[in-house]
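So the structure is just underneath, and the comments pick up after that.
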Amino acid sequence: GIQVEQSPPDLILQEGANSTLRCNFSDSVNNLQWFHQNPWGQLINLFYIPSGTKQNGRLSATTVATERYSLLYISSSQTTDSGVYFCAVGLYNTDKLIFGTGTRLQVFP
Amino acid sequence: NAGVTQTPKFRVLKTGQSMTLLCAQDMNHEYMYWYRQDPGMGLRLIHYSVGEGTTAKGEVPDGYNVSRLKKQNFLLGLESAAPSQTSVYFCASSYLGDPNEQFFGPGTRLTVL
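Here the protein sequences line up with chains A and B, keeping their order. By this note's numbering, the letter at position 7 of the first sequence is numbered 7, and the numbering carries on one by one without gaps. By this note's numbering, the letter at position 39 of the second sequence is numbered 39, and the numbering carries on one by one without gaps.
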């Protein structure tokens, strides 16, 4: 089956720093989502981005489907950005998402 | 508009007991899903439903059953709980036009002793 790998597995930042999270996938995908799981366990949709670039405030994401990767950029990080970031891919002709193992981000003041 | 809600939020069971987790959504979504999340891991699909009265197996279906009697509700049952089913369970839903854009509930933390 398809492999979805995220890097780095852990990231520690000081408030105000920028970061880039990466999601690699081993096969063609129909779409891709980025989620933030906050310290209380809630999963929050960040981006639905099968290709191209999207921005939402301090966050932006780029997916290059032909090269099988997606990047999530966090600028001017805040302590509230802490948590685990997951990418999940949807395959053609299926109704299911395959999740990566996540990147754990800790932002300190 | 509550989105996706899950009941209960926490539960502790003894080995061999049974229970049902309830997921409800008010977005009129056709698709609903149950996932489990184990420590340090991503989510794995247990069962899903593409419409009222339908269910299908996901990646890790053993030990679980599901029912979708109403479009807005998706039930996950554990007939005889085992310690290996200790996990956080998430429900999600999506609409027919784009089933892969899924929206998640807050999760249920289940401990089986």
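The beta-carbon is built from N, C-alpha and C at its ideal position, and this holds for glycine as well.
By alpha-carbon distance to M41 (chain B), the top candidate from B:V88, B:F104 and B:P106 is B:V88.
For F90 (chain B), the nearest CB of chain A lies under 9 Å from its own CB, placing it at the interface with that chain. Fewer than three Cβ pairs drawn from the stretch 25–43 of chain B and the stretch 54–63 of chain A lie within less than 8 Å of each other, which leaves the two stretches out of contact.
When the five nearest sequence neighbours on each side are left out, the beta carbons in the same chain lying within less than 6 Å of the beta carbon of C23 (chain A) are those of Q6, S70, C87 and G100, in order along the chain. Look at T79 (chain A) here: in three-state DSSP terms it is helix. The C-beta distance from L76 (chain B) to R11 (chain B) rounds to 12 Å, too long to fall under 8 Å, and the pair is not in contact. Against L45 (chain B), the close residues of chain A are K96, in the order they occur along the chain (beta-carbon pairs closer than 7 Å). The DSSP-derived three-state label of T20 (chain A) is strand. Interface annotation for the stretch 21–39 of chain A against chain B: N30, N31, Q33 and F35, criterion Cβ-Cβ distance under 8 Å.
Residues of the stretch 28–58 of chain B with a Cβ closer than 9 Å to any Cβ of chain A, in chain order: Y31, Y33, Y35, Q37, G40, M41, G42, L43, R44, L45, Y48, V50, A56 and G58. Within the DSSP secondary-structure output, E59 (chain B) pairs in no beta bridge. One finds L97 in chain A with Cβ atoms closer than 7 Å to the Cβ of Q102 (chain B), taken in chain order. Taking a C-beta distance under 9 Å as the contact criterion, G83 (chain A) and N38 (chain A) qualify as a contact pair. Put simply, the backbone Cα of L11 (chain A) is about 5 Å away from that of L105 (chain A). According to the DSSP assignment, Q6 (chain B) belongs to the beta strand (DSSP E) that extends over V4 to T7.
Distances from the CA of T7 (chain B) to each of B:G63, B:Q85, B:K14 and B:Q25 were compared; the closest alpha carbon is that of B:Q25.
With distances taken between CA atoms, A81 (chain B) lies nearest to B:V112 out of B:D38, B:N65 and B:V112. Within the same chain, E30 come within 6 Å of G51 (chain B) by CB-CB distance, once the 5 residues on both sides are set aside. At a cut-off of 9 Å, the C-beta of G97 (chain B) has no neighbouring C-beta in chain A. Across the stretch 59–87 of chain B, no CB contact with chain A closer than 7 Å is found for any residue. At a cut-off of 9 Å, the C-beta of P106 (chain B) has a neighbouring C-beta in chain A. A residue is called buried once 16 or more other Cβ atoms fall within 10 Å of its Cβ, and Q37 (chain B) is buried on that count.
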